[in-house]
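Residue numbers (the numbering used here): 406 to 805.
Ideal placement from N, C-alpha and C gives every residue a C-beta, glycine not left out.
Just so you know, these numbers come straight off a predicted model, no measurement behind them.
Reviewing the structure listed below.
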């Protein structure tokens, strides 16, 4: 709020100016700035310093922990709503995109956050505007779109693509596991650094690009300080430790899963089937105890086959038409013919999944069938499918 131009501070006595300053500390920052300048002209430097100290204590410049967290949650909700609306019109297209659908959400989130946090929108996304926060540089100026773009991408790339499997790669390949380890380590360090860095509440991205998230209602003449080194030391130590352990685990997991690489050509054949957008094949072992008998423990081996199919498989009365789903018939034939190990499994679990995941929103509908290899072999030969073990699950949700 601007001071009434008809009021001349020169006409106020020193005592009256101090009274006005104490009132303006809570309500009118622009008027307070003029009062402070007038008092400094009159030689009250020590008194002004006390006023500023009290003001900083009442209205610190840096964003508070929960204010920044809640502003981020608001932006997540906004992106999720937009993604859900987009999915209502383009869900079938996103479904066919498979893993690449995450690129769509990544682009939308990057544009939204980069524009909002830049000077184009005065350093405020909708979440930050509601929580009275904004992004600035070390000189308290709003940042350019380019800097905002790189700042945003630094943490959105790991967030969106930590579980992304590039075309032609297996989910247990060393490069995919290494990528997950590096991105996971960064996200963990990102959160820990923000939690530990309670002086300026800068994230790693803020420190790299020299930015701050400040409170717009704070006294804006406060000088922005550098973060204490302890936060960076803790983050680096934790990051190095987690990264080394993670990479060792990834290498071990890759070596132990070499036997599963035989599933890769089977997966490639299944992906060529009509109506199959992509597939996931895994061998899983499980132990279970008979109810009421502590020492009777059994082990079971499962071949998990998840087929990501088109929406037409989830229309009308699916449970009454199981025997007519050709894609299940074709997938089972490929598995039993070209993967002999499947006959040694206790169960083959077939899952039909329709949905999409664009990072900011996703929808998943699944139907599961589970039976022994012998059972499946007989049904394939007879061209008949049973509905005895059917479960339909629908899981819509929002993510970022």
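CB of residue i within 7 Å of CB of residue j, strictly
i: residue 614; j: residue 552; result: yes
i: residue 690; j: residue 672; result: no
i: residue 586; j: residue 640; result: no
i: residue 605; j: residue 467; result: yes
i: residue 389; j: residue 681; result: No answer is possible for residue 389: it lies beyond the span of the chain, which begins at 406 and ends at 805.
i: residue 636; j: residue 602; result: yes
i: residue 525; j: residue 550; result: yes
i: residue 634; j: residue 591; result: no
i: residue 557; j: residue 608; result: no
i: residue 763; j: residue 485; result: no
i: residue 657; j: residue 537; result: no
i: residue 753; j: residue 708; result: yes
i: residue 504; j: residue 569; result: yes
i: residue 710; j: residue 686; result: yes
i: residue 444; j: residue 460; result: no
i: residue 473; j: residue 618; result: yes
Straight-line gap, residue i to residue j (C-alpha atoms, nearest Å)
i: residue 761; j: residue 510; result: 11 Å
i: residue 560; j: residue 532; result: 18 Å
i: residue 683; j: residue 572; result: 10 Å
i: residue 523; j: residue 457; result: 29 Å
i: residue 541; j: residue 646; result: 32 Å
i: residue 775; j: residue 507; result: 30 Å
i: residue 489; j: residue 679; result: 27 Å
i: residue 675; j: residue 736; result: 6 Å
i: residue 744; j: residue 750; result: 11 Å
i: residue 884; j: residue 424; result: The chain is shown only over 406 to 805; residue 884 falls outside these bounds and no answer can be derived.
i: residue 773; j: residue 758; result: 9 Å
i: residue 426; j: residue 588; result: 50 Å
i: residue 442; j: residue 529; result: 29 Å
i: residue 535; j: residue 742; result: 60 Å
i: residue 777; j: residue 578; result: 29 Å
i: residue 598; j: residue 521; result: 23 Å
i: residue 371; j: residue 643; result: An answer regarding residue 371 cannot be provided, because it is not within the stretch 406 to 805 covered by the chain.
i: residue 539; j: residue 600; result: 19 Å
i: residue 440; j: residue 476; result: 33 Å
i: residue 543; j: residue 627; result: 11 Å
i: residue 518; j: residue 548; result: 13 Å
i: residue 410; j: residue 462; result: Bear in mind that a pLDDT of 45 at residue 410, under 50, signals an unreliable position, so the number given afterwards is only what the model happens to contain. Taking the straight line from one Cα to the other gives about 30 Å.
i: residue 734; j: residue 740; result: 10 Å
i: residue 574; j: residue 482; result: 32 Å
i: residue 593; j: residue 731; result: 44 Å
i: residue 725; j: residue 769; result: The pLDDT assigned to residue 725 is 48, lower than 50, so where the model puts this residue is not dependable, and the model offers no usable value.
i: residue 351; j: residue 747; result: Given that the chain is displayed from residue 406 to residue 805, the structure contains no residue 351 and the question cannot be resolved.
i: residue 807; j: residue 667; result: It is not possible to answer for residue 807, since the shown part of the chain is limited to 406 through 805.
i: residue 492; j: residue 464; result: 42 Å
Where the beta strand (DSSP E) through residue i begins and ends
i: residue 542; result: 538-542
i: residue 522; result: That residue, residue 522, is in no beta strand (DSSP E); its alpha helix (DSSP H) goes 506-522.
i: residue 481; result: First-last for residue 481: 470-502, but that is the alpha helix (DSSP H), not the beta strand (DSSP E).
i: residue 616; result: 616-620
DSSP state of residue i mapped onto helix, strand, coil
i: residue 464; result: coil
i: residue 746; result: helix
i: residue 691; result: strand
i: residue 780; result: helix
i: residue 685; result: strand
i: residue 669; result: helix
i: residue 451; result: helix
i: residue 629; result: coil
i: residue 722; result: Low local confidence applies: a pLDDT of 41 at residue 722 is under 50, so the model's placement there is unreliable, and no value is given.
i: residue 419; result: helix
i: residue 642; result: helix
i: residue 547; result: coil
i: residue 676; result: helix
i: residue 607; result: coil
i: residue 576; result: coil
i: residue 623; result: coil
i: residue 570; result: coil
i: residue 730; result: coil
i: residue 717; result: helix
i: residue 413; result: coil
Residue i - partner residues in DSSP beta bridges
i: residue 757; result: 712, 772
i: residue 706; result: 690
i: residue 762; result: 767
i: residue 752; result: 707
Host alpha helix (DSSP H) of residue i (start-end)
i: residue 560; result: 550-566
i: residue 530; result: Segment: none, residue 530 is in no alpha helix (DSSP H) and carries neither H nor E.
i: residue 579; result: 579-601
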